[in-house]
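Student: Below is one structure. I have some questions about it.
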Amino acid sequence: MSGAGWKPAHDTLEKISSKNEWVNDVLHSEAVDVQDYLSGLSVFLVREEGVEHLDSIRQMLFDQGFDNVLEGRIPDDRVSETVSGIRGGNWGKGPWPKSGGFPVYYFVVYDARPLRVSPETAKEHPGLDNERISIAKIRIRDRYNSSVPSHKKCNIIHSSDNAHQALCYLNIINSESIPFVEGEAARKFSKFMTPFFVVCDLSNHARRAKVELIEYHGRKAICKTFKEGREHYLEREVVARQVGAGLSEVSRMLEVGDNYIVMEFYDGSIDNISRIRPLFHGNPYLPIWAIERMKNVIIYYRERGYECVDFSPKNVLFDSSSGLKVIDFEFLQKVDGASKELDGNFAWYSAPDDFKGDLPQWKNNRSLYRRRWFRYTGLPLYFCVNDYPKVVLHLVRGVTFLYFSVNNARRKALSLPMRKFHFR
């Protein structure tokens, strides 16, 4: 079939392999070993309807954790082969009202730390080796479709599912670029290697950096290694500790490299300092004294002209010997003017429209305090911004304790499967 040109494209075979045992066996028998350094390689194809949004797509891929290695229009003499040789030639509308058109532009990207694929996603997308690919496509499609009328919604982006597919795509689109792409992947892979013995990986999404527990001169430490092009996040981590040298709550910096920072290891969770937990609540309430310490951190940096963007209780640990420690300052940023007030701080309030700095990928930049702090403090924003006697704060928390308990219990009840009752 291959010699006659009848054999379906590799990505098509992988899609149907989950439902066809014979195809699955053939794929496994023909499996090609891909070098470890290539495992983060992907190719994204932009279809005709999306070609006016290339800048937005490029930025979204970067924000999701991909490095841009190569891009360009698909050469005219390769369009026909690209259309027929990828997706089995199926470039229809799929579940959308209209087709996104044929592929016209490509991005070759690299992810130095691929994201583990969930069982649900693996079942839906056989062959996918990086969850970040699926996340990026969904975000790009949603962004585009939210900007057009319902009858114009379509799929503007397609991608390879793994490194082998990526090389197959490149072989069709721009085979001459493969040595360069492989060389860049090897360089990025090598640069992202941790220069210490790694005990375990503590990373979450790792869009900007990986976080690892390491052995550091005979003791445990935390190493945060940043992807290429994200060095300004590393610089903020360093500045935060330089500016915050007078704060006992700031985690200590042990070493800084070109793309990494080593910090002191702390052994406890912030959830361990309190047992006051509403019914079915995800975390205990913080003690009042801990809330006050976090407020002091925000004010300390504001007095020096910095905003603690993205700061929340999730960025704080409680060490048995060192107390509260703030561990993440990637979004600490210098602003015009200092302030001694909590009102308007960027950890609790949305940044103003004229703010030119970086903001995390929040689904909603509004109501930050309610979404990220309230569940930990048990205090409405008004009672945190203003000074009240502790007795008042405890009374308020009693009310919110009941609110969370009742609301959580109601949600728990609604989530339980309906039982069948049999009557005689």
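All letters in the sequence shown, in the order written, are residues 138 to 561 by my numbering.
Positions of the beta carbon are idealized from the N, C-alpha and C atoms, including for glycine.
As the structure is a prediction and not an experimental result, all values here were calculated from the model.
Do the CB positions of Y370 and R345 come within less than 7 Å of each other?
Tutor: One-based indexing of the sequence shown puts residue 370 at position 233. One-based indexing of the sequence shown puts residue 345 at position 208. In contact: Y370 and R345 (Cβ atoms closer than 7 Å).
Student: Would you decide whether F560 is buried or exposed? Buried here means 16 or more other CB atoms lie within 10 Å of its CB.
Tutor: Looking up residue 560 in the sequence shown gives position 423. In this prediction, F560 scores a pLDDT of 43, lower than 50, which makes its location untrustworthy; the coordinate-derived value is nonetheless stated afterwards. Answer is exposed; the Cβ neighbour count stays below 16.
Student: Give, in chain order, every unbroken run of the alpha helix (DSSP H) that is at least 4 residues long and sits entirely within the segment 350-411.
Tutor: 368-380
Student: Quick check on DSSP: helix, strand or coil for I211?
Tutor: Here residue 211 refers to the residue found at position 74 when the sequence shown is read from its first residue. Of the three classes helix, strand and coil, the one that applies to I211 here is coil, per DSSP.
Student: Please report the straight-line C-alpha distance between S449 and L553, rounded to a whole angstrom.
Tutor: Taking the first residue of the sequence shown as 1, we reach residue 449 at position 312. Taking the first residue of the sequence shown as 1, we reach residue 553 at position 416. Distance between the alpha carbons of S449 and L553 is about 31 Å.
Student: From K361 to A300, what does the alpha carbon distance come to, in whole angstroms?
Tutor: For the purposes of this step, residue 361 is taken as the residue at position 224 of the sequence shown. For the purposes of this step, residue 300 is taken as the residue at position 163 of the sequence shown. Straight-line Cα distance between these residues: approximately 26 Å.
Student: Who are H342's beta bridge partners in DSSP?
Tutor: Start at 1 with the first residue of the sequence shown, and residue 342 comes out as number 205. None, per the DSSP bridge assignment.
Student: Opposite R184 in the DSSP bridges: which residues?
Tutor: On the sequence shown, position 47 is the one that residue 184 refers to. In the DSSP assignment, R184 forms a beta bridge with P240.
Student: Given a threshold of 16 other Cβ atoms within 10 Å of its Cβ, counted over all protein chains shown, does F334 qualify as buried or as exposed?
Tutor: As a working note, residue 334 is residue 197 in the sequence shown. F334 comes out exposed.
Student: Output the distance between the C-alpha atoms of R507 and N482, rounded to the nearest integer angstrom.
Tutor: On the sequence shown, residue 507 is found 370 positions in, with the first residue counted as 1. On the sequence shown, residue 482 is found 345 positions in, with the first residue counted as 1. Going by the C-alpha atoms only, they are around 14 Å apart.
Student: Could you give the DSSP three-state label for E444: helix, strand or coil?
Tutor: Taking the sequence shown and counting its residues from 1, one reaches residue 444 at position 307. Correct three-state label for E444: strand.
Student: In whole angstroms, give me the CA-to-CA distance for H354 and L265.
Tutor: As a first step, residue 354 is located in the sequence shown; it is residue number 217 there, counting from the start. As a first step, residue 265 is located in the sequence shown; it is residue number 128 there, counting from the start. Computed Cα separation, rounded: 39 Å.
Student: Could you have a look at N544 and say whether DSSP puts it in helix, strand or coil?
Tutor: Looking up residue 544 in the sequence shown gives position 407. In the structure shown, N544 sits in a helix (DSSP, three-state: H, G or I).
Student: In the structure shown, what three-state DSSP assignment does L551 receive?
Tutor: As a first step, residue 551 is located in the sequence shown; it is residue number 414 there, counting from the start. It is helical.
Student: Rounding to the nearest angstrom, what Cα-Cα distance links I211 and S221 in this structure?
Tutor: Your numbering for residue 211 matches position 74 in the sequence shown. Your numbering for residue 221 matches position 84 in the sequence shown. Rounded to the nearest angstrom, the two C-alpha atoms are 14 Å apart.
Student: How is H295 classed by DSSP in three states: helix, strand or coil?
Tutor: Counting from one through the sequence shown, the residue named residue 295 turns up at place 158. Looking at H295 - three-state DSSP - the assignment turns out to be strand.
Student: Could you round the C-beta distance between K462 and Y525 to whole angstroms and report it? I think they count as a contact, below 8 Å.
Tutor: The residue labelled residue 462 in the question sits at position 325 within the sequence shown. The residue labelled residue 525 in the question sits at position 388 within the sequence shown. In this structure K462 does not touch Y525 by the C-beta definition: roughly 27 Å separates them, more than the 8 Å allowed.
Student: Could you give the residue range of the beta strand (DSSP E) that holds K462?
Tutor: Position 325 of the sequence shown, counted from the start, is the residue given in the question as residue 462. Boundaries of the beta strand (DSSP E) harbouring K462: G460 to V463, taken from the DSSP string.
Student: In whole angstroms, what separates the C-alpha of F181 from that of I223?
Tutor: Looking up residue 181 in the sequence shown gives position 44. Looking up residue 223 in the sequence shown gives position 86. In a straight line, the C-alpha of F181 is about 12 Å away from that of I223.
Student: Please classify F317 as buried or exposed, where buried requires at least 16 other C-beta atoms within 10 Å of its C-beta.
Tutor: In the sequence shown, residue 317 corresponds to position 180, counting from 1. That one is exposed.
Student: Give me the residue from F199, A343 and S487 with the minimum Cα distance to G366.
Tutor: On the sequence shown, position 229 is the one that residue 366 refers to. Of F199, A343 and S487, the residue nearest in Cα terms is F199.
Student: Name, in chain order, the residues that DSSP records as bridge partners for F334.
Tutor: Start at 1 with the first residue of the sequence shown, and residue 334 comes out as number 197. Answer by DSSP bridge pairing, in chain order: E352.
Student: Checking the sheet assignment: what are the DSSP bridge partners for D204?
Tutor: Taking the sequence shown and counting its residues from 1, the one referred to as residue 204 is at position 67. Paired residues: Y247.
Student: How would you call V245, buried or exposed, if buried means at least 16 neighbouring beta carbons within 10 angstroms?
Tutor: Locating residue 245 in the sequence shown gives position 108, counting from the first residue. It counts as buried.
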